[in-house]
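A.B. asks: Below is one structure. I have some questions about it.
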Amino acid sequence: NDFDAHAVVHFGMHGTVEWLPGSPLGNTGYSWSDILLGNIPNLYIYAANNPSESMLAKRRGYGVLVSHNVPPYGRAGLYKELVVLRDLISEYREDPEKNYALKEAICKKIIDSGLDTDCPFEDAKGLGIAFSPENAQMFSADSFNRYLVKLYDYLLVLEQRLFSSGLHTLGQVPDSEQLESYLRAYFGEDVSEAMVKAIVDGEFESQTPEAREQVEDEKVEEALRIGELLMQTGEELSNLLRGLNGEYIPPAPGGDLLRDGPGVLPTGRNIHALDPYRMPSPAAYERGREVARKIIAQHLEEHHEYPETVAVMLWGLDAIKTRGESLGILLELVGAAPVKEGTGRIVRYDLMPLAEVGHPRIDVLANLSGIFRDSFVNIVELLDDLFRRATEADEPEEENFIRKHGLALRSQGVDNVSARLFSNPAGDYGSLVNDQVVDGNWESGDELANTWQSRNVFSYGRQDKGQARPEVMEQLLQSTSRIVQEIDSVEYGLTDIQEYYANTGGLKRAAEKQGGKTVNASFVESFSKDTTPRKLEDLLRLEYRTKLLNPKWAEAMANQGSGGAYEISQRMTALIGWGGTADFQDNWVYDQAADTYALDEEMAKRLRQANPEAFRNIVGRMLEANGRGFWEPNQETLQKLRELYDLADQEIEGVTALG
């Protein structure tokens, strides 16, 4: 009141005000966000690829959104030992008989880089022979050659994997190199890199007729159109000024260029989501069904039986961006299909006959994010109706695990035995697992599991509006043998933000604690055409190799100064989180992270000067990993890290000068 502000400008997702206590769908005079903001306009600069959480900023934070672009995409490439290994494999494969002596060197490089965990030599395991340079000559030529083909393919995956290169600068249009990065990522193999460069440089027409014929006219037009839209990125600033002038900011759908196409451009607009009564879309339903069938097939191959319960993560962000693929996964597991009225709106989800389903009705623990819970009340109620019908269906228990588990709960005198949709307390958000990890306030993974479970026993549906159903949750966790989740963007994967380990990791740990068995988690990258589910450990290793441990990614972040150092720091905290919730403790990840960010004097100095608190956290998490038994560095490394931590501490406290 004393300052008498005319407007609030909030930079970057997401703030605090929209997450404060109060009514979840619209403010009352008693909602904290209303009390704080009152009638002050809130111009909110928000990532264009997050239409889900942006809806909360509108509903509860009165946000007038001004979208901003995502950073340019880059290919991870290969680096350090990976380049040497690729070259060794190539040389060996030219003439395996002549180059057999390279086997030992190849084995050593594989072990030194930790690739034996990503891509193990299964034949060696089967024979009970340790994979080591000393044993290299014990492997048959055919067996070793097959393994190298598999490993070489994996190196190609690493080399071609996309990542976000640095951070976006508001209102800054991409230069020609960045424009090429966007277009190469968008078109993939459909348009060669040479042709993308020619289009960007305005030299496409000067290419040979043979070269031009390889690119469809529509692709050229689309590339030119995307280029024009990206060159309008300056509207991020001009529309912010329009908003401050009380002028109209045009709307646009939120989304991801790679998945949703050029309709999300130009940025600088007031983004919106989609019609929740049309989820899942026909394409999302079919793609979700395909994912579910692959999940079932993987489980059958590994365990020779159907999973009785699969936990499906229903998050608002991926649901909006994919038009409901995660719903399609759930419906296929249950054996159900959406039913539409004449206008195309979905009015219910119907059980399909078992003969048409092709597998038993698999029970589902649906874990809802707070955004999904609040934004898709209609879907939550339709799903609740579906589970009630499945529980009451006159079908054999061995063909309907939902009914089987419901009958078991009913025999124990439990109420609402068909409850399957669980989230945080009404009006509240998050598992709080990440708060414990950030604060270092936990002793064991089981403690994190207890935190997750205590925050997710609240049932939602037509009857329940946040009632605690601990008995139902416990039964579902005990029978859960798999978790499935979609990852919706290149920018934010498992290793980038705290929410994945805090929610999916927390659920995994809780299910393992209750069931006394290992629970596999599978992830599908919905921004990709490939619907093959990846195992948690495999995807973590893939992401760490292509992002956190990749010199190209590290350099791009370091170039962003304080913000880049903060992003690196966040990922080190997430690494600890995965250690606590999923027992991810690969030594080589910590070894290479220490080499890249702490033991490299130039990099350490840059990070420390840019953001001393972030640098202290980076080093502190490495020391914490050692203290928790996640990592066993040599004593020299450990001593150096302690010295760096003390130095950062002293600089922050003002005891020594930054330098």
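Heads up: take any position in the sequence shown, counting from 1, add 180, and you land on the working numbering. Glycine included, each C-beta is placed from N, C-alpha and C at the ideal position. What you are looking at is a predicted structure, and each value in this text was computed from that prediction instead of being measured.
Going by DSSP, which residues form a beta bridge with I379?
C.D. replies: According to DSSP, which records beta bridges pairwise, I379 is partnered with nothing at all.
A.B. asks: I need the DSSP call for E595, collapsed to helix, strand or coil.
C.D. replies: For the sequence presented, residue 595 should be read as Asp rather than Glu. D595 falls in the coil class under three-state DSSP.
A.B. asks: Per DSSP, M493 is paired with what?
C.D. replies: Per DSSP, N547.
A.B. asks: Do Y226 and S247 come within 9 Å of each other at the CB atom, strictly closer than that value?
C.D. replies: A contact, by the Cβ cut-off of 9 Å.
A.B. asks: When you compare the CB positions of T631 and Y681, do they come within less than 9 Å of one another, or not?
C.D. replies: No. Outside cutoff.
A.B. asks: From this set, N425, P201, Y825 and I406, which residue's C-alpha is nearest P605's C-alpha?
C.D. replies: Comparing Cα positions, the closest option is P201.
A.B. asks: Pull up the CB-CB distance for I663 and S706, whole angstroms please, since I reckon it's below 8 Å.
C.D. replies: 16 Å between Cβ atoms; not a contact.
A.B. asks: Which full runs of the alpha helix (DSSP H) of 4+ residues lie inside the stretch 588–637, going along the chain?
C.D. replies: Listed in chain order, the complete alpha helix (DSSP H) runs (minimum 4 residues) inside the stretch 588–637 are 613–619 and 625–635.
A.B. asks: Taking all protein chains shown into account, do 16 or more other C-beta atoms lie within 10 angstroms of the C-beta of S591, making it buried, or fewer, making it exposed?
C.D. replies: By the 10 Å Cβ count, S591 comes out exposed.
A.B. asks: Just checking my contact of G468 with I500 at CB under 8 Å: how many whole Å lie between their CB atoms?
C.D. replies: Incorrect: roughly 14 Å between the Cβ atoms, too far for contact.
A.B. asks: DSSP on K278, reduced to helix/strand/coil?
C.D. replies: Three-state result, K278: coil.
A.B. asks: Within 10 Å of its beta-carbon, does M737 have 16 or more other beta-carbons around it, so buried, or fewer, so exposed?
C.D. replies: That one is buried.
A.B. asks: Could you pull the start and end residues of the alpha helix (DSSP H) that L881 belongs to?
C.D. replies: Residue 881 lies beyond the stretch modelled for the chain, which goes from 181 to 839, so this question has no answer here.
A.B. asks: Taking C-alpha atoms, which residue in K645, L719 and S659 lies nearest to G695?
C.D. replies: Checking every option, the nearest Cα to that of G695 belongs to S659.
A.B. asks: Mapping the DSSP letters down to three states, classify I215 as helix, strand or coil.
C.D. replies: Helix, per DSSP.
A.B. asks: When you compare each of L563, V490, D455 and P251 to F581 by their alpha carbons, which one comes out closest?
C.D. replies: That would be V490, whose Cα lies nearest to the Cα of F581.
A.B. asks: Mind checking whether E505 and V704 have CB atoms under 9 Å apart?
C.D. replies: Yes, Cβ-Cβ distance for E505 and V704 is below 9 Å.
A.B. asks: Is I677 helix, strand or coil when you go by DSSP?
C.D. replies: It is coil, neither helix nor strand.
A.B. asks: Rounding to the nearest angstrom, what Cα-Cα distance links W199 and E804 in this structure?
C.D. replies: Taking the straight line joining both Cα atoms gives about 30 Å.
A.B. asks: From Q647 to F638, what distance separates their C-alpha atoms?
C.D. replies: In a straight line, the C-alpha of Q647 is about 5 Å away from that of F638.
A.B. asks: Take W622 and list the residues in its own chain whose beta-carbon comes closer than 7 Å to its own, dropping the five residues that flank it on each side.
C.D. replies: The residues are Q616, L628 and G760.
A.B. asks: Ends of the beta strand (DSSP E) at T660?
C.D. replies: That run of the beta strand (DSSP E) goes T660 to I667.
A.B. asks: Where in the stretch 719–774 do unbroken runs of the alpha helix (DSSP H), each at least 4 residues long, occur, reported from the N-terminal end onward?
C.D. replies: Counting only runs of 4 or more, we get 731–738 and 742–762.
A.B. asks: Quick one: what does DSSP say L223 is sitting in, helix, strand or coil?
C.D. replies: L223: strand per DSSP, three-state reduction.
A.B. asks: Note the first and the last residue of the continuous alpha helix (DSSP H) segment covering G508.
C.D. replies: Its alpha helix (DSSP H) spans residues E505 to V514.
A.B. asks: Is the number of C-beta pairs between the stretch 217–233 and the stretch 252–259 that are closer than 8 Å three or more?
C.D. replies: With a cut-off of 8 Å, the stretch 252–259 and the stretch 217–233 do not count as touching, because too few Cβ pairs lie within range.
A.B. asks: Just mark H190 as buried or exposed, buried being the case when its beta carbon has 16 or more other beta carbons within 10 Å.
C.D. replies: Buried, because 16 or more other Cβ atoms sit within 10 Å of the Cβ of H190.
A.B. asks: Where DSSP assigns a beta bridge to R541, which residues make up the other side?
C.D. replies: Answer is N580, bridged to R541.
A.B. asks: Just the C-alpha distance for K820 and N683, rounded to the nearest angstrom, thanks.
C.D. replies: So the two alpha carbons sit approximately 34 Å from each other.
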